[in-house]
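Visitor: In our numbering, the protein residues as written are 28 to 477. Note that CB positions come from ideal geometry on N, CA and C, so glycine has one too. Structure below; questions to follow.
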């Protein structure tokens with residue numbers, strides 16, 4: 028009888044042989060959801076939502092169950108995903124600063140190798156000629172520059188009279204108007220057309236949908252799929268269904284063009300679900316997104332803020348139905364994609380990620396001795412199964428949720444394998460571990476600012 032370990036070893040050996048025989052410049056399609064609860068996909072256990080295309084993508088590839096965004100909020104997370112650098116190092120420690128002109132994105136690294144590059148959706152990293160998507164290596168851009176837009180009018184508004192309200196939909200640097208067209212569907216349409224236009228070229232298509240980020244808008248045709256779901260989650264579910272349909276449209280285009288075997292497809296999210304009132308009903312904190320079993324929400328340095336799903340799919344190369352439990356990060360995408368394309372990432376700066384494919388194809392251990400976070404006055408580090416959070420906030424929609432934990436809990440140590448909800452503070456039971464991680468974390472916080 029062949030053991031499970033022998034079966035896995037055979038699959039890994041076969042995958043490595045296939046990778047060596049794969050084309051030198053594979054296509055890459057990277058989907059990103061916005062403010063998605065980690066377990067709000069069928070493949071992660073959701074039963075009241077319907078995500079058949081993403082579920083099939085996961086079943087045909089690998090799911091990472093310990094994958095992290097580099098920040099628990101939009102812009103810093105995206106900056107790290109595109110550069111392979113911690114947000115502070117990339118100059119985007121929080122929402123607001125643009126991605127500096129000197130930073131190199133995945134698109135800029137791939138272009139010299141002949142890749143066509145396109146971005147379809149949310150940028151959130153600058154709107155000037157020095158910081159917009161075209162300046163950062165994207166040949167084609169269709170989307171918006173800000174943090175969110177109305178899904179139909181495509182206007183940015185924040186609900187605060189001190190913040191300007193403006194139209195924000197662009198094709199490259201030309202403002203365009205498609206009033207009344209649902210934004211999620213527009214981004215899928217444009218991404219699919221980009222694939223058709225570049226079927227003969229290696230391409231990198233980055234598709235950062237704005238769903239299910241507020242404002243909470245969904246066409247009735249998606250709402251009707253969830254008649255038994257309570258109203259707030261019904262809208263959220265409908266927005267995710269539209270996203271899933273968009274993923275399906277792009278994947279069908281890959282199949283029609285017979286490009287599946289030469290395309291690495293990735294799906295993840297920028298951070299966890301939010302409890303902000305602007306995403307809820309009647310001015311109350313949002314409850315639709317599900318970050319359970321993790322503690323915390325968007326903005327939080329507890330796992331609910333940045334523990335995100337990750338799917339990698341590449342027919343004939345990545346084995347089907349795999350689950351990887353090793354720690355991975357958005358920081359790893361730049362080096363992973365660069366290596367596949369046969370290009371060298373920037374060597375004149377520090378990169379904080381590493382190639383993630385050995386975790387899949389070689390059954391390798393995580394190359395991260397530790398990973399770190401700094402956000403809104405919070406610091407955190409994970410090493411192995413230990414995680415330490417300093418001045419953590421839960422952002423649970425209550426007034427206290429915006430305040431740092433105090434007393435003993437101001438330094439919160441968890442074994443996240445045994446306690447994924449970070450509910451029991453172990454700092455006094457394991458003082459040596461707490462001290463080691465605290466020293467490591469503070470040293471990193473000092474070094475990364477230089």
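Could you pull out every unbroken alpha helix (DSSP H) segment of at least 4 residues lying fully inside the stretch 196-270, listed in chain order?
Guide: Those alpha helix (DSSP H) runs which fall completely within the stretch 196-270 and span 4+ residues are 210-224 and 247-250.
Visitor: Got a sec, what are the start and stop residues for the beta strand (DSSP E) residue 340 sits in?
Guide: Position 313 of the chain shown holds residue 340. First-last of the beta strand (DSSP E) with residue 340: 334-340.
Visitor: Tell me where the beta strand (DSSP E) around residue 415 begins and ends.
Guide: Taking the chain shown and counting its residues from 1, the one referred to as residue 415 is at position 388. Where residue 415 is concerned, the enclosing beta strand (DSSP E) stretches over 413-417.
Visitor: Can you tell me which of 433, 76 and 203 puts its alpha carbon nearest to the alpha carbon of residue 252?
Guide: As a first step, residue 252 is located in the chain shown; it is residue number 225 there, counting from the start. Nearest C-alpha to residue 252: 76.
Visitor: On a Cα-Cα basis, can you pick out the residue from 374, 384 and 354 that is closest to residue 413?
Guide: Taking the first residue of the chain shown as 1, we reach residue 413 at position 386. Cα-wise, what sits closest to residue 413 is 354.
Visitor: Which word fits residue 203, buried or exposed, when buried means at least 16 other C-beta atoms lie within 10 angstroms of its C-beta?
Guide: If you number the chain shown from 1, residue 203 lands on position 176. Exposed, by the Cβ-count rule.
Visitor: Check each candidate in 305, 429 and 236 and name the one with the smallest Cα separation from residue 185.
Guide: Position 158 of the chain shown, counting from 1, holds the residue named residue 185. Here the closest residue by C-alpha is 305.
Visitor: Considering just the uninterrupted stretch of the alpha helix (DSSP H) at residue 115, what are its terminal residues?
Guide: If you number the chain shown from 1, residue 115 lands on position 88. Note, residue 115: alpha helix (DSSP H), 114-117.
Visitor: Does residue 192 pass the burial test, meaning 16 or more other C-beta atoms within 10 Å, or should it be called exposed?
Guide: By 1-based counting over the chain shown, the position of residue 192 is 165. Classification of residue 192: exposed, given that the 10 Å Cβ count is below 16.
Visitor: What number of angstroms, rounded off, separates the C-alpha of residue 460 from the C-alpha of residue 454?
Guide: Locating residue 460 in the chain shown gives position 433, counting from the first residue. Locating residue 454 in the chain shown gives position 427, counting from the first residue. Near 8 Å, if we compare the C-alpha coordinates of residue 454 and residue 460.
Visitor: Please go through the same chain and pick out, in chain order, the residues whose beta-carbon is closer than 6 Å to the beta-carbon of residue 417, but skip the five residues on each side of it.
Guide: Translated into positions along the chain shown, residue 417 becomes position 390. Cβ within range, chain order: 406 and 438.
Visitor: Residue 110 by DSSP, collapsed to three states: which one?
Guide: Reading the chain shown from its first residue, position 83 is the one you call residue 110. Note: residue 110 maps to helix in three-state DSSP.
Visitor: Under the three-state reduction of DSSP, which class applies to residue 459: helix, strand or coil?
Guide: For the purposes of this step, residue 459 is identified with residue 432 of the chain shown, where counting begins at 1. DSSP places residue 459 in helix when its eight states are reduced to three.
Visitor: By DSSP's criteria, residue 144 is part of a beta bridge. Which residues make up the other side?
Guide: For the purposes of this step, residue 144 is taken as residue 117 along the chain shown, with counting starting at 1. 231, per the DSSP bridge assignment.
Visitor: Give me the DSSP bridge partner(s) of residue 442.
Guide: For the purposes of this step, residue 442 is identified with residue 415 of the chain shown, where counting begins at 1. For residue 442, which the question treats as bridged, DSSP gives the partners 413.
Visitor: Would you grab the beta carbon distance between residue 362 and residue 111 for me? Rounded to a whole angstrom, and I think it's under 8 Å.
Guide: To locate residue 362, count along the chain shown from 1; it is residue 335. To locate residue 111, count along the chain shown from 1; it is residue 84. 6 Å between Cβ atoms; contact.
Visitor: Who are the near neighbours of residue 281 in its chain, counting only those whose CB is closer than 7 Å to its CB and skipping five residues on each side?
Guide: As a working mapping, residue 281 is identified with position 254 in the chain shown. Closer than 7 Å at the Cβ level, and outside the excluded window around residue 281, lie 222, 287 and 290.
Visitor: Using 8 Å for Cβ pairs, my map puts residue 330 next to residue 447. What's the rounded Cβ distance?
Guide: Position 303 of the chain shown, counted from the first residue, corresponds to residue 330. Position 420 of the chain shown, counted from the first residue, corresponds to residue 447. At roughly 7 Å, the Cβ-Cβ gap stays under 8 Å, so residue 330 and residue 447 are in contact.
Visitor: Rounded to whole angstroms, what is the Cα-Cα separation between residue 383 and residue 189?
Guide: For the purposes of this step, residue 383 is taken as the residue at position 356 of the chain shown. For the purposes of this step, residue 189 is taken as the residue at position 162 of the chain shown. Cα-Cα distance, rounded: 43 Å.
Visitor: Return the Cβ separation of residue 401 and residue 472 in integer angstroms, given the expectation that the two are a contact with Cβ distance under 8 Å.
Guide: For the purposes of this step, residue 401 is taken as residue 374 along the chain shown, with counting starting at 1. For the purposes of this step, residue 472 is taken as residue 445 along the chain shown, with counting starting at 1. Their Cβ separation, rounded to whole angstroms, is 6 Å, which keeps residue 401 and residue 472 in contact under 8 Å.
Visitor: Is the stretch 87-97 touching the stretch 329-343 in the sense that three or more CB pairs, one from each, lie closer than 8 Å?
Guide: Yes, they touch.
Visitor: Looking at C-beta atoms only, is the number of pairs between the stretch 144-153 and the stretch 244-262 that lie closer than 8 Å three or more?
Guide: No, the stretch 144-153 does not touch the stretch 244-262.
Visitor: Quick one, which of 120, 228 and 102 has its alpha-carbon nearest residue 138's?
Guide: Along the chain shown, read from residue 1 onward, the residue named residue 138 stands at position 111. For the residues 120, 228 and 102, the minimum Cα distance to residue 138 belongs to 228.
Visitor: If you measure between the beta carbons of residue 269 and residue 212, is that distance less than 8 Å?
Guide: By one-based count along the chain shown, residue 269 stands at place 242. By one-based count along the chain shown, residue 212 stands at place 185. For residue 269 and residue 212, yes; Cβs fall inside 8 Å.
Visitor: Please classify residue 325: does DSSP put it in a helix, a strand, or coil?
Guide: Here residue 325 corresponds to residue number 298 of the chain shown, with the count starting at 1. DSSP places residue 325 in coil when its eight states are reduced to three.
Visitor: If I measure Cβ to Cβ from residue 206 and keep anything under 8 Å in the same chain, skipping five residues before and after, which residues do I get?
Guide: Here residue 206 refers to the residue found at position 179 when the chain shown is read from its first residue. So the list reads 179, 180 and 181, once near-sequence residues are dropped.
Visitor: Assuming residue 81 and residue 294 are in contact, meaning their beta carbons sit under 8 Å apart, how far apart are those beta carbons, in whole angstroms?
Guide: Start at 1 with the first residue of the chain shown, and residue 81 comes out as number 54. Start at 1 with the first residue of the chain shown, and residue 294 comes out as number 267. That belief holds up - the Cβ atoms of residue 81 and residue 294 are roughly 6 Å apart, short of 8 Å.
Visitor: Could you give the DSSP three-state label for residue 428: helix, strand or coil?
Guide: Within the chain shown, the letter at position 401 stands for residue 428. Helix at residue 428.
Visitor: If contacts are defined as beta-carbon pairs under 8 Å, then residue 300 and residue 316 qualify, I think. What distance do you get, rounded to the angstrom?
Guide: Within the chain shown, the letter at position 273 stands for residue 300. Within the chain shown, the letter at position 289 stands for residue 316. 2 Å between Cβ atoms; contact.
Visitor: Of the choices 126, 428, 86 and 87, whose alpha-carbon is the least far from that of residue 105?
Guide: Taking the first residue of the chain shown as position 1, residue 105 is located at position 78. Checked all of 126, 428, 86 and 87; the closest Cα to residue 105 is 126.
Visitor: For residue 35, which residues from the same chain have a beta carbon less than 7 Å from its beta carbon, with the 5 sequence-adjacent residues on both sides left out?
Guide: Position 8 of the chain shown, counting from 1, holds the residue named residue 35. At residue 35 the pLDDT is 49, less than 50, meaning the model places this residue with poor confidence; the figure from the coordinates comes in the next sentence. So the list reads 390, once near-sequence residues are dropped.
Visitor: Does the Cβ of residue 116 have 16 or more other Cβ atoms within 10 Å, making it buried, or fewer, making it exposed?
Guide: As a first step, residue 116 is located in the chain shown; it is residue number 89 there, counting from the start. Counting Cβ neighbours within 10 Å, residue 116 comes out buried, since at least 16 surround it.
Visitor: Which same chain residues end up closer than 7 Å to residue 395 when comparing Cβ atoms and leaving out the 5 residues on each side of it in sequence?
Guide: Taking the first residue of the chain shown as 1, we reach residue 395 at position 368. Counting only Cβ-Cβ distances below 7 Å, and skipping sequence neighbours, we find 354 and 356.
Visitor: Roughly how many angstroms lie between the CA atoms of residue 297 and residue 239, to the nearest whole one?
Guide: Numbered from 1 along the chain shown, position 270 holds the residue referred to as residue 297. Numbered from 1 along the chain shown, position 212 holds the residue referred to as residue 239. In a straight line, the C-alpha of residue 297 is about 11 Å away from that of residue 239.
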